[in-house]
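One structure is given here, and the rest of the page talks about it.
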Amino acid sequence: MSQDQRAATPAWLADEPLVIGEHAFTSRLFVGTGKYKDVAETRAALEISGTQCVTVAVRRVDLAAKGPSLLDAIDRTKQVILPNTAGCYDAASAIRTAELARDLLGTRLVKLEVLGDTKTLLPDPVGTLEATKELVAQGFHVLVYTSDDPRLGVRLEELGAVAVMPAGSPIGSGQGVLNPFAIRILLELVKVPVIVDAGVGTASDVAIAMELGAAGVLLNTGIASAREPLRMAAAMRDACSAGRQAFLAGRIPRKLYANASSPLEGLIHAAGRPGAT
Amino acid sequence: MQTATTIRITLNGTLRELSAPTSVSALVDVLGLPQDSVAVEVGDRLVRRSDRTQRILVDGDRVEVVTLVGGG
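Chains as they are written, first to last, in the working numbering: chain A, 1 to 277; chain B, 1001 to 1072.
Shown next, in the form of structure tokens:
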């Protein structure tokens, strides 16, 4: 959000920025840069999504490739780059990848992923804890991809993670937030920002995560693999904002019975039906 | 004894011959890559950008040259 837009936001819509490490974000949507058709589409989708923090991966350079690089898709005046350790299945390779990313980008930020296996891409909790500890000791600001286990989130916070990022559901699965109860408990126990990462299939998934009280949502495939990625980028942006405002506004409790919105007095006939209470 | 005017390294998993001496910095130049677009490991250890000119590659080095790609 620009300075002008912020100035135009009425007080009753105002929100605090999301602070992670040295960065303050007015957009709470974190967007990945994988799987787009080309660099131009990546750039457009990031722009439309309004994101201020984008994830990238570290891979062997393709010596045969020529043409625009990923960095051409990222507007670094508006978007902070968050390198990930995707594809790492043990702490040691995740740590090496983080060190490479720091040297390349000059950033302390890293999205730590230590995965268990290629089929589920579920986070490996032991390797994740081990790598978090080491990276924090090395001065990294670690945003940790993890399961929705609340106690694990607490342990990661204790080790010094700057953000805990529970999966809503498996990476790229589009299943949404499968266990909102675990996310709610995690949100109660963990004080650092909790960003729901992975599994987002459509806009309502983002809204649900934000309504639960997540500090943000990170997604990639939900936009990049949509039939119309740019339209979906706009939908995700709006859902993130809508979900956040709904959380701040406070939803009504769920009740079993109806509660009439129109007055029960002043009816032209007797209220209710026999036997109703 | 032959004089080693070339060395063989493993670059991103593939054998490659280089003239000796070649520094990490020179290798990045030979590959036609901007220095600020890559990060380099030799033998599983990061060679910082500021150390690339000093680090001379030797026969048998395993070198990884990485860059940023799209990812979540």
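For glycine and all other residues, C-beta sits at the position ideal for the given N, C-alpha and C.
Since we're looking at a predicted model, the values are computed, not measured.
Between the C-alpha atoms of A/Arg-254 and A/Gln-245 there is a straight-line separation of about 19 Å. Residue state for A/Leu-152 is assigned as helix, using DSSP reduced to three classes. Checking the DSSP bridge columns, you'll see A/Pro-83 partnered with A/Val-56. In this chain, A/Thr-97 is not harboured by any beta strand (DSSP E); it is covered by the alpha helix (DSSP H) spanning 91 to 105. Taking a C-beta distance under 8 Å as the contact criterion, B/Val-1030 and B/Val-1065 do not qualify as a contact pair. DSSP places A/Phe-247 within a helical segment (H, G or I) once states are collapsed to three.
Counting C-beta pairs closer than 8 Å gives three or more between the stretch 228 to 243 of chain A and the stretch 199 to 216 of chain A, which meets the contact rule. Under a criterion of Cβ atoms nearer than 7 Å, the residues of chain A adjacent to B/Asp-1044 are, in order, Arg-96. Contact check for B/Val-1024 against B/Arg-1062 fails: the beta carbons are separated by 8 Å or more. The stretch 1042 to 1049 of chain B makes no contact with the stretch 135 to 143 of chain A: fewer than 3 CB pairs, one atom from each, lie closer than 8 Å.
For A/Asp-117, there are no neighbours in chain B by C-beta distance under 8 Å, as the nearest C-beta there is about 17 Å away.
One thing to note: A/Val-164 has its Cβ no nearer than 8 Å to the Cβ of A/Val-206. Secondary structure of A/Asp-197 (DSSP, three-state): strand. For A/Glu-188, the enclosing alpha helix (DSSP H) begins and ends at 180 to 189. Taking 9 Å as the upper bound on Cβ-Cβ separation, chain B lies near residues Thr-42, Thr-55, Val-56, Ala-57, Val-58, Arg-59, Arg-60, Val-61, Asp-62 and Leu-63 of the stretch 42 to 64 of chain A. A/Ser-49 is positioned such that its CB atom lies no closer than 8 Å to that of A/Val-61.
Shown here for A/Gly-174: same chain residues with a beta carbon closer than 6 Å to its own, the five before and five after excluded, namely Gly-201 in chain order. Look at B/Ala-1020 here: in three-state DSSP terms it is coil, with no helix or strand label. Think of a sphere of 8 Å around the beta carbon of A/Leu-156: no beta carbon from chain B falls inside it, the nearest being about 19 Å out. Secondary structure at B/Ile-1007: strand, using DSSP grouped into helix, strand and coil. Under the three-state reduction of DSSP, A/Arg-273 is assigned to coil, being neither helix nor strand. Using beta-carbon distances, B/Leu-1031 counts as an interface residue toward chain A, with a partner under 8 Å. Checking the DSSP bridge columns, you'll see A/Ala-163 partnered with A/Leu-143. Listed in chain order, the positions of the stretch 202 to 235 of chain A with a beta carbon within less than 9 Å of a beta carbon of chain B are Leu-218, Leu-219, Asn-220, Thr-221 and Ala-224. Any Cβ of chain A closer than 8 Å to the Cβ of B/Thr-1067 would place that residue at the interface, and such an atom is present.
Taking a cut-off of 8 Å on C-beta distances, the stretch 178 to 193 of chain A does not touch the stretch 217 to 232 of chain A, as fewer than three cross pairs fall below it. Looking only at A/Ala-209, A/Leu-230 and A/Ala-198, the smallest Cα-Cα distance to A/Lys-111 is reached by A/Ala-198. At a cut-off of 8 Å between beta-carbon atoms, B/Arg-1055 makes no contact with chain A. Neighbourhood of B/Val-1038 in chain A, by CB distance below 8 Å: Val-61 and Leu-104, in chain order. Taking C-beta separations shorter than 6 Å and ignoring five residues to either side along the sequence, the partners of B/Glu-1017 in its chain run Thr-1006 and Arg-1008, following chain order.
Around the beta carbon of B/Pro-1034, fewer than 16 other beta carbons sit within 10 angstroms, so the residue counts as exposed. Residue-level contact check: B/Gly-1071 touches chain A, since one or more beta carbons of chain A fall below 8 Å from its beta carbon. For A/Arg-227, the closest of A/Ala-45, A/Val-126 and A/Ala-24 by C-alpha to C-alpha distance is A/Ala-45.
Put simply, the stretch 77 to 88 of chain A touches the stretch 101 to 111 of chain A. At least three CB pairs are less than 8 Å apart.
In this model, A/Val-194 and A/Val-154 are separated by some 11 Å (Cα to Cα). If you check the CB distance, A/Arg-28 and A/Gly-216 come in under 8 Å.
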